[in-house]
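At position 425 of the sequence shown the residue is numbered 1461 (this note's numbering), and the sequence of numbers has no breaks. Quick reminder that beta carbons are idealized off the backbone N, C-alpha and C, glycines included.
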Amino acid sequence: MFLKDCTEDKHTAQTLFRTCRGFELISDVAVISRCMNAPASLTKEEVDMCESLLKLYREANKSNVVNQKHAISVPRMPDIVTNLLHTSQDEDLSDACVAIINELSQNAEGRTTIVNNFDTTRLMQGLLKFMNIGSSRSAANAVGTLNNMAIDKKFLMQFRDSFEESVLPAFENIMKRCAEISLTVVPSCVSMVSNMAVDPVLRRIMSARAELWEACLQAMDVCLSDQTKYDEVLEPLTGLMVNLTLKPSAVPQEPVIALATISKTHGLLDSPNPTIVQRTAGILSHVLPLSDESIKVCQDSAPSGLFRLLKDPDLQTVKYAMKALAACTKCSDTARKTVIQQDTKIETLRSLLKVEDETLQANSSLCIGHLLNDKALCQSLYGTDMVMELLKHVADHKNSVVQQNCAIALATLAQEDRRHVERLRELHGLGILHDCMKHFN
């Protein structure tokens, strides 16, 4: 109780504890050292002693970087703490152990201390265990610790060789059992793995692992059974799936997994949670351009939801939706008809051509080109500024992708309704279009 009683000057008490070799109790006192090294065979009194000492250590370490560094420098301290995580059979003792590590992870210096002194693979395995079998308190502290550590680049790099064997199986088990695990823990656990996906090597490992996708999809089934209850799980889970599909090579290569991903997620475009909606659009924008079969799964409902998002105030949401919609309209007549029915003169898509974002311009012009294969639409656009809007981008050489997409759209428009050729001639655009098409051909 020494530190807790010194509330008026806790820092002084912490300094005294360190300078009076309080941290060395774990190595200098034989009975304490023996108990800490064999936690599975302790009497109740010995467990209480170890628990009290760990709580004392936590108080001595709170918001005190100097003490934290000193505590970990005590001989075998990192090994003792890690072994306690793996072998202690007492819940309170385990809770106290997890709490110490959580305290260390609260600041950058503490995280560096952990990375430099602990066997991080064993540490992470021990912490992940508490998601499944620990108390709600130790589970919350464990996942909080892992989330803190997941923002440390050096920590992530240390897992590159052992990640698939040492970490992912435990996480997959949590995903498969998410209905049985505390809802205060699962979202943070998913966020932790999503944060780890920032490391490009770890992301490639995760993306290529079929077992991980299957576990995530199994968790998705649970969440979809009661979206209100599992809203806090759906949010990080869709975020993880966006991160895993970020690169084209990371999109699930097994058609069955890609199909299941789209089949289970596209309905979330109607979620009342805007974060889930944005991330769902992100998943669709990453997967649909690479999987025609996946488009068939969602072509009856997704295009309508994606078109609605084109008016969203958040630019990233609009960009996701536009890319996914362009993929749908490329190979789905149903998708093209849906868009034309909702926007008879494609004014929404045309407005996106004017937004100063090259990615958005490229995908909106691509989508317009797909829609202009509809003769009735081309006829309805006569008398609008469609030709001028497309020609402006054809004449602009800043972005070759936008230029090419607009040239193709303009050529299609003129071919479907010859009246647009006259307008093109009035604007002196025939030569511009011819030169552009010749260049791209």
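Going straight from the alpha carbon of Val1101 to that of Asp1393, what length do you get?
Rounded to the nearest angstrom, the two C-alpha atoms are 45 Å apart.
Let me know the secondary structure DSSP gives Ile1187 once reduced to three states.
Here Ile1187 sits in coil by DSSP.
Compare the Cα-Cα distances from Thr1055 to each of Phe1343, Ala1107, Cys1403 and report the closest residue.
Considering only alpha carbons, the answer is Ala1107.
Look at the Cβ atom of Val1117, then the Cβ atom of Ile1137, and state whether they are nearer than 8 Å.
Contact: yes.
Taking C-alpha atoms, which residue in Leu1273, Met1256, Glu1329 lies nearest to Glu1290?
Checking every option, the nearest Cα to that of Glu1290 belongs to Glu1329.
In terms of residues, what are the limits of the alpha helix (DSSP H) holding Val1403?
In the sequence as presented, Val is not what sits at residue 1403; that position holds Cys. Where Cys1403 is concerned, the enclosing alpha helix (DSSP H) stretches over 1394-1407.
Does the contact criterion of 3 or more C-beta pairs under 8 Å hold for the segment 1184-1199 versus the segment 1245-1255?
As far as the Cβ criterion goes, the segment 1184-1199 does not touch the segment 1245-1255, which means the pair count is below three.
Quick check on DSSP: helix, strand or coil for Thr1043?
Per-residue confidence for Thr1043 stands at a pLDDT of 46, beneath the threshold of 50, marking its modelled position as unreliable; no derived number is given.
By alpha-carbon positions, which one of Cys1414, Glu1139, Ala1074 ends up nearest to Glu1095?
If we check each option's Cα against that of Glu1095, Glu1139 comes out closest.
Helix, strand or coil: which one does DSSP assign to Asn1279?
Asn1279: helix per DSSP, three-state reduction.
Among the candidates Ser1321, Cys1364, Lys1332, whose CA atom is the shortest distance from the CA of Lys1355?
Closest option to Lys1355, Cα to Cα, is Ser1321.
Cβ of Thr1297 within 8 Å of Cβ of Pro1284?
No, these two residues do not count as a Cβ contact at 8 Å.
Keeping to the same chain, check which residues put their C-beta closer than 8 Å to that of Gln1125; ignore five residues upstream and five downstream.
Result list for Gln1125: Pro1075, Ala1076, in chain order.
Ignoring anything shorter than 3 residues, give me the beta strand (DSSP E) runs that lie fully in the segment 1296-1327, in order along the chain.
Here no run is fully enclosed.
Hey, could you find the ends of the alpha helix (DSSP H) Thr1264 is sitting in?
Counting along the chain, Thr1264 falls outside any alpha helix (DSSP H), and DSSP gives it neither H nor E.
Tell whether a beta-carbon distance below 8 Å holds between Leu1304 and Thr1274.
Taking 8 Å as the Cβ cut-off, Leu1304 and Thr1274 qualify as a contacting pair.
Could you tell me if Ala1255 is buried or exposed, where buried requires 16 or more neighbouring beta carbons within 10 angstroms of its beta carbon?
Burial call: buried.
Could you tell me if Glu1081 is buried or exposed, where buried requires 16 or more neighbouring beta carbons within 10 angstroms of its beta carbon?
With fewer than 16 Cβ atoms within 10 Å of its Cβ, Glu1081 is classed as exposed.
Exposed or buried, Leu1219, counting other C-beta atoms within 10 Å across all chains shown (16 or more means buried)?
Exposed.
Between Ser1327 and Ala1294, is the Cβ-Cβ spacing less than 8 Å?
It is a contact, given that the beta carbons lie within the stated cut-off.
Which whole-angstrom value describes the C-beta separation of Cys1442 and Leu1417, a residue pair presumed to lie in contact below a C-beta threshold of 8 Å?
No, Cys1442 and Leu1417 are not in contact; Cβ-Cβ is about 14 Å, not under 8 Å.
Check whether the segment 1364-1374 and the segment 1382-1391 touch, using three or more Cβ-Cβ pairs below 8 Å as the test.
The segment 1364-1374 vs the segment 1382-1391: no contact.
Under the rule that 16 or more other beta-carbon atoms within 10 Å means buried, what is Arg1372, buried or exposed?
Buried: at least 16 other Cβ atoms inside 10 Å.
Nearest to Ile1210 by CA position, among Val1229, Arg1455, Leu1282, Val1151, is which residue?
The shortest C-alpha separation from Ile1210 is found at Val1229.
Just to check my reading of the structure: Asn1399 and Thr1448 have Cβ atoms closer than 8 Å, yes? What is that Cβ distance to the nearest angstrom?
Rounded, the Cβ-Cβ distance is 17 Å, inconsistent with contact.
Work out the CA separation of Ser1261 and Asn1143 for me, nearest whole Å.
C-alpha separation (whole angstroms): 38 Å.
Quick one, are the C-beta atoms of Gly1146 and Gln1104 less than 8 Å apart?
Taking 8 Å as the Cβ cut-off, Gly1146 and Gln1104 qualify as a contacting pair.
Please go through the same chain and pick out, in chain order, the residues whose beta-carbon is closer than 7 Å to the beta-carbon of Gln1161, but skip the five residues on each side of it.
Excluding residues within five positions, the ones whose Cβ falls inside 7 Å are Ser1202, Ala1206.
With a threshold of 7 Å on Cβ separation, who are the neighbours of Gly1405 within its own chain once the five nearest residues in sequence on each side are excluded?
Excluding sequence neighbours, Gly1405 sits near Asn1441, Ile1444, Ala1445, Thr1448.
In chain order, what residues of the same chain have a beta carbon less than 6 Å from the beta carbon of Thr1043, not counting five sequence neighbours either side?
Confidence is the limiting factor: at Thr1043 the pLDDT is only 46, short of 50, which leaves the residue's position unreliable, though a coordinate-based value still follows. Result list for Thr1043: empty, nothing under 6 Å.
Using DSSP with H/G/I as helix, E/B as strand and the rest coil, what is Ser1141?
It is coil, neither helix nor strand.
Quick check on the DSSP output: the alpha helix (DSSP H) that includes Ser1340 runs from which residue to which?
From DSSP, the alpha helix (DSSP H) with Ser1340 extends over 1338-1345.
Assuming contact is defined by CB atoms lying nearer than 8 Å, are Val1226 and Thr1281 in contact in what I supplied?
No; because the gap between Cβ atoms is not below 8 Å, this pair is not in contact.
What's the C-alpha gap between Asp1432 and Cys1472?
If I take the Cα positions, the gap works out to 10 Å.
Could you give the C-beta distance for Ser1340 and Gln1378, rounded to a whole number, given that I count them as a contact under 8 Å?
Yes, they are in contact, since the Cβ atoms of Ser1340 and Gln1378 sit about 7 Å apart, within 8 Å.
Quick one, are the C-beta atoms of Pro1325 and Val1269 less than 8 Å apart?
Not closer than 8 Å, so no.
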